[in-house]
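So the sequence lines, in the order shown, correspond to chains A and B. When we follow the numbering used here, the leftmost residue of the first sequence carries the number -12, and every step to the right adds one. When we follow the numbering used here, the leftmost residue of the second sequence carries the number -12, and every step to the right adds one. Note that CB positions come from ideal geometry on N, CA and C, so glycine has one too. Here the structure is a predicted model, which is why all the values come from computation and not from measurement.
There are 2 protein chains.
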Amino acid sequence: MDRIFSRFDSSPLVKAIRHSVLTGGKRYRPLLLLSTADYFKVEREESLPFACGLELIHNYSLVHDDLPSMDNDDFRRGQPSCHKAFGEDIALLTGDALLTLAFEIMAGSALHHGNAAVKIDLIHEISGFAGIQGMIGGQLLDITVSPKDLSEDRLYDLIEKKTASLITAAVRSGAILGNASSEDLKALTEYGRNIGLAFQIRDDILDTEQDQAANILLRPNSVLVMGLEKAHAKLKEHITKSLRSLKNNGIKSEELEYLASMLAM
Amino acid sequence: MDRIFSRFDSSPLVKAIRHSVLTGGKRYRPLLLLSTADYFKVEREESLPFACGLELIHNYSLVHDDLPSMDNDDFRRGQPSCHKAFGEDIALLTGDALLTLAFEIMAGSALHHGNAAVKIDLIHEISGFAGIQGMIGGQLLDITVSPKDLSEDRLYDLIEKKTASLITAAVRSGAILGNASSEDLKALTEYGRNIGLAFQIRDDILDTEQDQAANILLRPNSVLVMGLEKAHAKLKEHITKSLRSLKNNGIKSEELEYLASMLAM
């Protein structure tokens, strides 16, 4: 990603992009995409632009989510959030630029390598999971649903869209690049959905433990809805289901197993 | 576009999207794309998704540009701007959703019709013109350059990126869909660039005439930099150049001639 950004002249916008993307993060989504693609022996040259694209989309959502009109977060990954460091206007453009760049990188890759039809399928897939019926739909629920009257069903709808969508897209993209059979694609989709749900429940548990009580009351949170004990049980259940989905379909990948197991606490 | 939006469940976000996109606008960019594609006898089924995509990208930029941290505009097309009607958080998500949906629509079209490689080329092209080196780069200059010390060169750099980029992309996309020769593509790019510049200079003249003096001092404006007389001369010059670019290359399209001539005042 550093190499991608170095194509551009230095400007406050490009500084804000570097600050937002290159100062940490677990890179969970690109690792998932690359690990799935590796399992199908896809060349890194083909999978890497899509892994970068997904990470840029994830990072745009964080920059916009931190804005005062959304979560109003002053810090991200131990650094001042983008709008704190560069101003609200630049942070808005930073998110817009990251989302636009994601598609430029993904489409650009397809100009030179591999099957254009498969890659346009991927862009369609990823924009769908990132959009109104996916991640953005989840963000909408996050700001419009009152945390107090949230049922467990609605909570699941919310975290499925907000977090599991893009994580599922990461796994599916790797599988589609690898020309996976429909059985493998189905099993990996189930794996992705379950680790996506586990990922958000784990995040909610960590938030609670870090005593961010103020935030929890403002935004929907699994622990608030289900209680701490049930949240831990659900976390465990989704990790187990994700691993079972791999095993039952004979998908043996140490990387994918690790990316699920690491969510246990 | 109404048909596209009707796919989604009704929500505050989808209401805000309809409010932002379906309440007017000149549809200049999609008309350019369709007229160019028509000239090359491209079927509407192929060109329409890209025309919609471009209009969605244009509309996302307006919604975000109206936000308080940017231009802080209360009205757009005679209606309350998106954030005035739906709140800042929903307006932010509306812009994000429109940009994401643009790529979903464009990629989705390519799944079923025509040549996937050409269409991925278009997505690459459009995301480039909409991004850091195009429209978003222009927005950045708009908010970071002081209108008072703006030279004519920097003004041109600004309006070329902010406005002419997406207008050029509209014309080029129609030509690429039509498998235009490299001479035609070059001539149409020149046509698009010139009407793009004319479009913004005309807008700046109209703004000045409507006595929006307060805004002019806050944001760069052609009239402020060149004076009213020169702005009118430049407007005329760019329209003439755009028409000449068609004529010199034997491109006879009443629609494209009209879309240039209508900018005269």
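Subject >> Environment of Y47/B [buried if 16+ CB atoms lie within 10 Å] >> reply: Here the question's residue 47/B lines up with position 60 in the second sequence. Looking at its Cβ environment, which holds 16 or more other Cβ atoms inside 10 Å, Y47/B is buried.
Subject >> Neighbourhood of A12/B by C-beta distance below 7 Å, restricted to the same chain and skipping five residues each side >> reply: Within the second sequence, the letter at position 25 stands for residue 12/B. Residue 12/B is actually Gly in this sequence, not Ala. Answer for G12/B: R64, listed in chain order.
Subject >> Collapsed DSSP secondary structure at F(-5)/A in the structure displayed >> reply: Residue mapping note: residue -5/A aligns to position 8 of the first sequence, counting from 1. Residue state, collapsed to three classes: coil.
Subject >> alpha helix (DSSP H) segments (min. 4 residues) lying fully within the segment 71 to 117 of chain B >> reply: 75 to 99 and 103 to 117
Original post:
Hey, does F73/A have any beta-carbon neighbour from chain B nearer than 7 Å?
Top reply: Taking the first residue of the first sequence as position 1, residue 73/A is located at position 86. It does not: the Cβ of F73/A has no partner Cβ on chain B nearer than 7 Å.
Subject >> Check whether A24/B and A104/A have beta carbons under 7 Å apart >> reply: Within the second sequence, numbered from 1, the residue matching residue 24/B stands at position 37. Within the first sequence, numbered from 1, the residue matching residue 104/A stands at position 117. By the CB criterion at 7 Å, A24/B and A104/A fall outside the cutoff.
Original post:
Cβ atoms of G165/B and F27/B: under 7 Å apart, would you say?
Top reply: Position 40 of the second sequence, counted from the start, is the residue given in the question as residue 27/B. Position 178 of the second sequence, counted from the start, is the residue given in the question as residue 165/B. It is a contact, given that the beta carbons lie within the stated cut-off.
Subject >> Assumed close pair D(-11)/A, L9/A - CB separation to whole angstroms, cut-off 8 Å >> reply: Position 2 of the first sequence holds residue -11/A. Position 22 of the first sequence holds residue 9/A. About 6 Å; that satisfies the 8 Å criterion.
Subject >> Partners in chain B for G118/A, counting only beta-carbon separations shorter than 7 Å >> reply: By 1-based counting over the first sequence, the position of residue 118/A is 131. A84, T87, L88 and E91, listed in chain order.
Original post:
A94/A touches chain B at which residues, Cβ-Cβ below 7 Å?
Top reply: Position 107 of the first sequence, counted from the first residue, corresponds to residue 94/A. Per Cβ cutoff of 7 Å: I107, I110, H111 and S114.
Subject >> Alpha carbon of E91/B to alpha carbon of C69/B, nearest angstrom >> reply: For the purposes of this step, residue 91/B is taken as residue 104 along the second sequence, with counting starting at 1. For the purposes of this step, residue 69/B is taken as residue 82 along the second sequence, with counting starting at 1. Roughly 22 Å between the two C-alpha positions.
**OP:** Quick one: using the 10 Å Cβ neighbour count with 16 as the cut-off for buried, is Y15/B buried or exposed?
**Re:** Residue numbering aside, residue 15/B sits at position 28 when the second sequence is read from its first letter. With 16 or more other Cβ atoms within 10 Å, it is buried.
Original post:
Whole-angstrom Cβ separation of T87/A and A117/B, contact assumed at under 8 Å?
Top reply: Numbered from its first residue, the first sequence carries residue 87/A at position 100. Numbered from its first residue, the second sequence carries residue 117/B at position 130. Yes, T87/A and A117/B are in contact; Cβ-Cβ is about 5 Å, under 8 Å.
**OP:** Examine chain B for any beta-carbon lying closer than 7 Å to the beta-carbon of I130/A, and answer yes or no.
**Re:** As a working mapping, residue 130/A is identified with position 143 in the first sequence. Yes, its Cβ sits closer than 7 Å to a Cβ of chain B.
Subject >> Residue of T131/A, L43/A and E42/A minimising C-alpha distance to D58/A >> reply: Within the first sequence, residue 58/A is the residue found at index 71, counting from 1. Selected option, being the one with the closest Cα: T131/A.
Original post:
First and last residue of the alpha helix (DSSP H) that includes N166/B?
Top reply: Along the second sequence, one-based indexing puts residue 166/B at 179. Where N166/B is concerned, there is no enclosing alpha helix (DSSP H), given that its DSSP letter is neither H nor E.
Subject >> Cβ-Cβ separation, L172/B to R189/B (assumed contact under 8 Å), whole Å >> reply: Numbered from 1 along the second sequence, position 202 holds the residue referred to as residue 189/B. Numbered from 1 along the second sequence, position 185 holds the residue referred to as residue 172/B. About 25 Å; that fails the 8 Å criterion.
Subject >> Extent of the continuous alpha helix (DSSP H) to which F37/A belongs >> reply: To locate residue 37/A, count along the first sequence from 1; it is residue 50. Start and end: R31 to D52.
**OP:** Name, going along the chain, the residues of the segment 139 to 159 of chain A whose beta-carbon falls closer than 9 Å to a beta-carbon of chain B.
**Re:** none
Subject >> Cα-Cα separation, I110/B to A94/B >> reply: Reading the second sequence from its first residue, position 123 is the one you call residue 110/B. Reading the second sequence from its first residue, position 107 is the one you call residue 94/B. Their Cα atoms are separated by approximately 8 Å.
Original post:
Counting Cβ pairs closer than 8 Å, one from the segment 177 to 184 of chain A and one from the segment 225 to 232 of chain A, do we hit at least three?
Top reply: yes
**OP:** Consult DSSP for Q66/A and reduce its assignment to one of helix, strand or coil.
**Re:** As a working mapping, residue 66/A is identified with position 79 in the first sequence. The DSSP-derived three-state label of Q66/A is strand.
Original post:
Mind checking if D136/B is an interface residue toward chain A, Cβ cutoff 7 Å exclusive?
Top reply: Counted from its first residue, the second sequence places residue 136/B at position 149. Taking Cβ atoms only, chain A never reaches closer than 7 Å to D136/B, which makes this a no.
Original post:
Pick from E196/A, P207/A, G161/A and L233/A: whose alpha carbon is nearest that of I146/A?
Top reply: Here residue 146/A corresponds to residue number 159 of the first sequence, with the count starting at 1. Checked all of E196/A, P207/A, G161/A and L233/A; the closest Cα to I146/A is P207/A.
**OP:** Could you tell me the distance, in whole angstroms, from the CA atom of L125/B to the CA atom of Q187/B?
**Re:** The residue labelled residue 125/B in the question sits at position 138 within the second sequence. The residue labelled residue 187/B in the question sits at position 200 within the second sequence. According to the sequence displayed, residue 125/B carries Gly and not Leu. Rounded to the nearest angstrom, the two C-alpha atoms are 12 Å apart.
**OP:** Would you mind sorting D(-4)/A into buried or exposed? The rule is 16 or more other CB atoms within 10 Å of its CB.
**Re:** On the first sequence, position 9 is the one that residue -4/A refers to. Exposed, since its Cβ has fewer than 16 Cβ neighbours within 10 Å.
Subject >> Where K221/A falls, given that 16 or more other Cβ within 10 Å makes a residue buried >> reply: As a position in the first sequence, residue 221/A is number 234, starting the count at 1. It is buried - the Cβ of K221/A has at least 16 other Cβ atoms within 10 Å.
**OP:** Compute the Euclidean distance between the alpha carbons of S248/B and E177/B, then round it to the nearest angstrom.
**Re:** Within the second sequence, residue 248/B is the residue found at index 261, counting from 1. Within the second sequence, residue 177/B is the residue found at index 190, counting from 1. Cα to Cα, the separation comes out at about 15 Å.
**OP:** Assuming L233/B contacts L246/B (C-beta within less than 8 Å), just tell me the rounded distance between them.
**Re:** Position 246 of the second sequence, counting from 1, holds the residue named residue 233/B. Position 259 of the second sequence, counting from 1, holds the residue named residue 246/B. With 8 Å as the limit, L233/B and L246/B do not qualify as a contact, their Cβ atoms being about 11 Å apart.
Original post:
Within 10 angstroms of its Cβ, does D61/B collect 16 or more other Cβ (buried), or is it exposed?
Top reply: If you number the second sequence from 1, residue 61/B lands on position 74. Exposed is the call here.
Original post:
By Cβ distance, which residues of its chain are closer than 8 Å to L43/B, with the 5 residues on each side in sequence left out?
Top reply: Position 56 of the second sequence, counted from the start, is the residue given in the question as residue 43/B. Here the set comprises M(-12), V8, L85, L86, L88, A89 and I92.
**OP:** Under 6 Å Cβ to Cβ from V50/A, same chain only, skipping five residues before and after it: list those, please.
**Re:** Residue mapping note: residue 50/A aligns to position 63 of the first sequence, counting from 1. Excluding sequence neighbours, V50/A sits near S7, C69, A78, T81 and G82.
Original post:
V210/B: which of D191/B, E224/B and Q197/B sits nearest, CA to CA?
Top reply: Along the second sequence, one-based indexing puts residue 210/B at 223. It is D191/B.
Original post:
CB of G183/A to nearest heavy atom of the ligand FMN: below 6 Å?
Top reply: Among the ligands in the structure shown, none appear at all, so the ligand FMN cannot be discussed.
Subject >> Cβ-Cβ distance between D140/A and S56/B below 7 Å >> reply: Within the first sequence, the letter at position 153 stands for residue 140/A. Within the second sequence, the letter at position 69 stands for residue 56/B. For D140/A and S56/B, no; Cβs fall outside 7 Å.
Subject >> Cβ-based neighbour list, I4/B, same chain, cut-off 7 Å, excluding 5 preceding and 5 following >> reply: Position 17 of the second sequence holds residue 4/B. Answer for I4/B: F(-8), T81, A84 and L85, listed in chain order.
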